[in-house]
Amino acid sequence: MKQIIIATKNKGKANEFKEFFKPYNLKALSLNDLEDLPDVEETGETFKENAALKAEEIASILSLPVLADDSGLVIDALDGRPGVYSARYAGEHKDDQLNMEKVLSELRGIPEAKRTARFVCVLAIASPGSKTRFYTGYCEGRIADNQYGENGFGYDPIFIPKGYQQTMAQLSSDKKNQISHRRNAIVQLEDTVTQHGLLIKE
7 MKQIIIATKN KGKANEFKEF FKPYNLKALS LNDLEDLPDV EETGETFKEN
57 AALKAEEIAS ILSLPVLADD SGLVIDALDG RPGVYSARYA GEHKDDQLNM
107 EKVLSELRGI PEAKRTARFV CVLAIASPGS KTRFYTGYCE GRIADNQYGE
157 NGFGYDPIFI PKGYQQTMAQ LSSDKKNQIS HRRNAIVQLE DTVTQHGLLI
207 KE
(Lines of atoms letter the chains of each structure in order from A and count residues from 1; the text may use other names and numbers.)
(Lines give C-alpha, C1' and ligand atoms only; values in the text may rest on other atoms or scores of the structure.)
Protein backbone atom coordinates (compact mmCIF):
# COMPACT_ATOMS: atom_id res chain seq x y z
CA MET A 1 0.00 0.00 0.00
CA LYS A 2 1.29 3.43 -0.92
CA GLN A 3 1.92 5.95 1.84
CA ILE A 4 1.64 9.68 2.09
CA ILE A 5 2.87 11.69 5.04
CA ILE A 6 0.72 14.51 6.39
CA ALA A 7 3.19 17.10 7.66
CA THR A 8 1.34 18.22 10.76
CA LYS A 9 1.30 17.50 14.48
CA ASN A 10 -2.15 19.07 14.87
CA LYS A 11 -4.31 16.08 15.81
CA GLY A 12 -7.56 17.64 14.62
CA LYS A 13 -6.11 18.53 11.23
CA ALA A 14 -4.39 15.14 10.88
CA ASN A 15 -7.65 13.31 11.59
CA GLU A 16 -9.48 15.37 8.97
CA PHE A 17 -6.94 14.48 6.31
CA LYS A 18 -6.99 10.81 7.29
CA GLU A 19 -10.77 10.82 6.86
CA PHE A 20 -10.39 12.37 3.42
CA PHE A 21 -7.97 9.63 2.31
CA LYS A 22 -10.00 6.69 3.66
CA PRO A 23 -11.69 5.87 0.31
CA TYR A 24 -8.28 5.50 -1.34
CA ASN A 25 -5.71 2.76 -1.35
CA LEU A 26 -3.32 5.10 0.42
CA LYS A 27 -2.05 4.97 3.99
CA ALA A 28 -1.85 8.46 5.50
CA LEU A 29 0.48 9.04 8.44
CA SER A 30 0.93 12.29 10.35
CA LEU A 31 4.05 13.49 12.11
CA ASN A 32 2.45 12.18 15.31
CA ASP A 33 2.76 8.65 13.89
CA LEU A 34 6.48 9.00 13.20
CA GLU A 35 9.45 9.55 15.47
CA ASP A 36 12.14 12.23 15.50
CA LEU A 37 10.69 14.51 12.84
CA PRO A 38 10.73 18.28 13.25
CA ASP A 39 7.63 20.44 13.46
CA VAL A 40 8.70 22.81 10.67
CA GLU A 41 8.61 26.48 11.56
CA GLU A 42 6.20 28.54 9.48
CA THR A 43 8.33 31.50 8.44
CA GLY A 44 6.62 32.25 5.11
CA GLU A 45 4.52 35.34 4.43
CA THR A 46 1.80 33.47 2.52
CA PHE A 47 -0.16 30.24 2.95
CA LYS A 48 1.58 28.88 -0.16
CA GLU A 49 5.07 29.59 1.18
CA ASN A 50 4.34 27.94 4.53
CA ALA A 51 2.80 24.86 2.94
CA ALA A 52 5.83 24.44 0.68
CA LEU A 53 8.29 24.85 3.54
CA LYS A 54 6.68 22.04 5.51
CA ALA A 55 6.12 19.62 2.63
CA GLU A 56 9.57 20.02 1.10
CA GLU A 57 11.55 19.72 4.33
CA ILE A 58 9.80 16.53 5.47
CA ALA A 59 9.93 15.03 1.97
CA SER A 60 13.68 15.61 1.85
CA ILE A 61 14.11 13.82 5.18
CA LEU A 62 11.91 10.80 4.46
CA SER A 63 12.26 10.48 0.66
CA LEU A 64 8.48 9.96 0.52
CA PRO A 65 5.59 12.01 -0.86
CA VAL A 66 4.53 14.56 1.73
CA LEU A 67 1.37 16.63 1.91
CA ALA A 68 1.40 19.79 3.95
CA ASP A 69 -1.17 22.50 4.30
CA ASP A 70 -1.23 26.00 5.55
CA SER A 71 -4.64 27.30 6.32
CA GLY A 72 -6.25 30.11 8.17
CA LEU A 73 -9.08 32.53 8.60
CA VAL A 74 -9.28 35.69 6.49
CA ILE A 75 -11.68 38.37 7.75
CA ASP A 76 -12.58 41.25 5.46
CA ALA A 77 -13.33 43.76 8.22
CA LEU A 78 -9.89 43.08 9.73
CA ASP A 79 -8.06 43.66 6.42
CA GLY A 80 -7.43 39.94 6.00
CA ARG A 81 -6.32 39.17 9.54
CA PRO A 82 -5.58 36.80 11.16
CA GLY A 83 -4.45 35.21 7.86
CA VAL A 84 -1.16 33.32 8.05
CA TYR A 85 -1.02 34.13 11.76
CA SER A 86 -4.32 32.35 12.48
CA ALA A 87 -2.83 29.67 14.74
CA ARG A 88 -0.88 32.18 16.82
CA TYR A 89 -3.06 35.28 16.52
CA ALA A 90 -3.24 35.81 20.28
CA GLY A 91 0.35 34.72 20.93
CA GLU A 92 3.06 32.23 20.00
CA HIS A 93 1.62 29.59 22.36
CA LYS A 94 -1.22 28.87 19.85
CA ASP A 95 -4.33 28.98 22.03
CA ASP A 96 -7.58 28.44 20.07
CA GLN A 97 -9.75 29.99 22.78
CA LEU A 98 -7.67 33.15 23.07
CA ASN A 99 -7.52 33.45 19.28
CA MET A 100 -11.32 33.39 19.04
CA GLU A 101 -11.70 35.85 21.87
CA LYS A 102 -9.33 38.28 20.16
CA VAL A 103 -11.26 38.08 16.87
CA LEU A 104 -14.62 38.57 18.57
CA SER A 105 -13.22 41.53 20.50
CA GLU A 106 -11.88 43.16 17.35
CA LEU A 107 -15.22 42.69 15.59
CA ARG A 108 -17.32 44.03 18.46
CA GLY A 109 -19.89 46.45 17.04
CA ILE A 110 -19.36 45.34 13.43
CA PRO A 111 -22.76 44.50 11.86
CA GLU A 112 -23.48 41.03 10.48
CA ALA A 113 -23.35 42.19 6.85
CA LYS A 114 -19.75 43.32 7.31
CA ARG A 115 -18.52 40.24 9.17
CA THR A 116 -17.74 38.33 5.96
CA ALA A 117 -14.81 35.93 6.12
CA ARG A 118 -13.41 32.79 4.60
CA PHE A 119 -11.28 29.86 5.56
CA VAL A 120 -8.40 29.34 3.13
CA CYS A 121 -6.39 26.15 2.67
CA VAL A 122 -3.33 25.75 0.46
CA LEU A 123 -2.11 22.19 0.03
CA ALA A 124 1.42 21.42 -1.12
CA ILE A 125 2.54 17.98 -2.25
CA ALA A 126 6.28 17.48 -2.39
CA SER A 127 7.98 14.37 -3.72
CA PRO A 128 11.74 13.82 -4.01
CA GLY A 129 12.87 14.83 -7.49
CA SER A 130 9.53 16.36 -8.45
CA LYS A 131 8.23 19.90 -8.57
CA THR A 132 6.00 20.81 -5.63
CA ARG A 133 2.33 21.08 -6.59
CA PHE A 134 -0.25 23.36 -4.97
CA TYR A 135 -4.02 23.22 -4.53
CA THR A 136 -6.16 25.95 -2.95
CA GLY A 137 -9.60 25.67 -1.37
CA TYR A 138 -11.96 28.19 0.21
CA CYS A 139 -14.97 28.11 2.49
CA GLU A 140 -16.91 31.37 2.46
CA GLY A 141 -18.93 32.54 5.43
CA ARG A 142 -19.14 35.08 8.23
CA ILE A 143 -18.08 35.48 11.83
CA ALA A 144 -20.71 34.84 14.50
CA ASP A 145 -21.37 37.19 17.40
CA ASN A 146 -20.22 34.56 19.90
CA GLN A 147 -18.97 30.99 20.18
CA TYR A 148 -21.37 28.16 19.39
CA GLY A 149 -20.84 24.40 19.27
CA GLU A 150 -18.17 22.00 20.46
CA ASN A 151 -17.27 20.04 17.34
CA GLY A 152 -14.16 20.80 15.29
CA PHE A 153 -11.20 22.92 16.34
CA GLY A 154 -9.56 26.27 15.70
CA TYR A 155 -12.03 29.00 14.74
CA ASP A 156 -14.88 26.57 13.97
CA PRO A 157 -17.07 27.78 16.89
CA ILE A 158 -17.22 31.35 15.51
CA PHE A 159 -17.39 30.66 11.75
CA ILE A 160 -20.78 30.32 10.04
CA PRO A 161 -20.44 28.85 6.52
CA LYS A 162 -22.33 30.55 3.70
CA GLY A 163 -25.82 29.07 3.36
CA TYR A 164 -25.92 27.90 6.99
CA GLN A 165 -27.19 29.35 10.26
CA GLN A 166 -24.91 27.18 12.40
CA THR A 167 -21.20 27.47 13.05
CA MET A 168 -18.75 24.88 11.79
CA ALA A 169 -18.54 23.58 15.36
CA GLN A 170 -22.31 22.89 15.39
CA LEU A 171 -22.16 20.80 12.22
CA SER A 172 -21.44 17.07 12.16
CA SER A 173 -17.94 16.03 11.15
CA ASP A 174 -19.33 14.54 7.94
CA LYS A 175 -21.12 17.75 6.99
CA LYS A 176 -18.10 19.89 7.83
CA ASN A 177 -15.85 17.67 5.74
CA GLN A 178 -18.17 18.10 2.75
CA ILE A 179 -17.93 21.90 2.72
CA SER A 180 -14.63 22.77 4.37
CA HIS A 181 -11.76 24.64 2.76
CA ARG A 182 -9.63 21.50 3.13
CA ARG A 183 -12.25 19.45 1.32
CA ASN A 184 -12.38 21.98 -1.51
CA ALA A 185 -8.60 21.88 -1.82
CA ILE A 186 -8.63 18.06 -1.68
CA VAL A 187 -11.13 17.97 -4.57
CA GLN A 188 -8.61 19.82 -6.72
CA LEU A 189 -5.86 17.50 -5.54
CA GLU A 190 -7.95 14.43 -6.42
CA ASP A 191 -8.71 15.67 -9.91
CA THR A 192 -5.03 16.24 -10.66
CA VAL A 193 -3.12 13.67 -8.66
CA THR A 194 -5.18 10.65 -9.68
CA GLN A 195 -3.67 11.16 -13.13
CA HIS A 196 -0.26 10.46 -11.59
CA GLY A 197 -1.39 7.34 -9.74
CA LEU A 198 -0.84 8.71 -6.24
CA LEU A 199 -4.49 8.45 -5.21
CA ILE A 200 -6.22 5.26 -6.26
CA LYS A 201 -9.87 4.90 -5.31
CA GLU A 202 -10.87 1.43 -4.16
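Just add 6 to the spot in the sequence shown (first one is 1) and you have my numbering. Positions of the beta carbon are idealized from the N, C-alpha and C atoms, including for glycine.
Check	Outcome
For Leu70, three-class secondary structure by DSSP	coil
Inter-stretch contact (C-beta, 8 Å, three-pair minimum) for the region 53-64 and the region 93-110	no
Neighbour-count burial assignment, Asn16, 16 or more Cβ in a 10 Å radius	buried
Environment of Val193 [buried if 16+ CB atoms lie within 10 Å]	exposed
Beta-carbon gap between Ser6 and Ala65 smaller than 8 Å	This structure leaves residue 6 out entirely; the chain is present only between 7 and 208.
At least three beta-carbon pairs within less than 8 Å, the region 87-98 to the region 140-151	no
Reduced DSSP secondary structure (H/G/I, E/B, other) of Gln184	helix
Check whether Asn183 and Glu22 have beta carbons under 8 Å apart	yes
Residues near Val80 in its chain [Cβ-Cβ closer than 7 Å; skip 5 each side]	Gly86, Gly89, Ala123, Arg124 and Val126
Minimum C-alpha distance to Ile164 - residue among Leu113, Ser136, Ser179 and Lys137	Leu113
Cut-off 7 Å between Cβ atoms - residues of its own chain near Ala175, not counting five sequence neighbours on either side	Tyr154, Gly155, Glu156, Asn157, Gly158, Asp162 and Pro163
Host beta strand (DSSP E) of Glu146 (start-end)	Arg139 to Ile149
Where Pro71 falls, given that 16 or more other Cβ within 10 Å makes a residue buried	buried
Nearest neighbour of Leu37, chosen from Val46, Tyr30 and Asn31 [CA to CA]	Val46
Beta-bridge pairing of Arg124 - partner residues as DSSP gives them	Val80 and Glu146
Cα-Cα separation between Thr142 and Val128, rounded to whole angstroms	4 Å
Spatial distance of Leu177 from Ala119 (CA atoms)	22 Å
Proximity to Gly18 [Cα-Cα], best of Arg188, Asp197, Glu196 and Leu195	Arg188
Cβ neighbour criterion (16 or more within 10 Å) applied to Glu41	exposed
Ordered list of beta strand (DSSP E) runs contained in the region 29-54, each at least 3 residues	32-36
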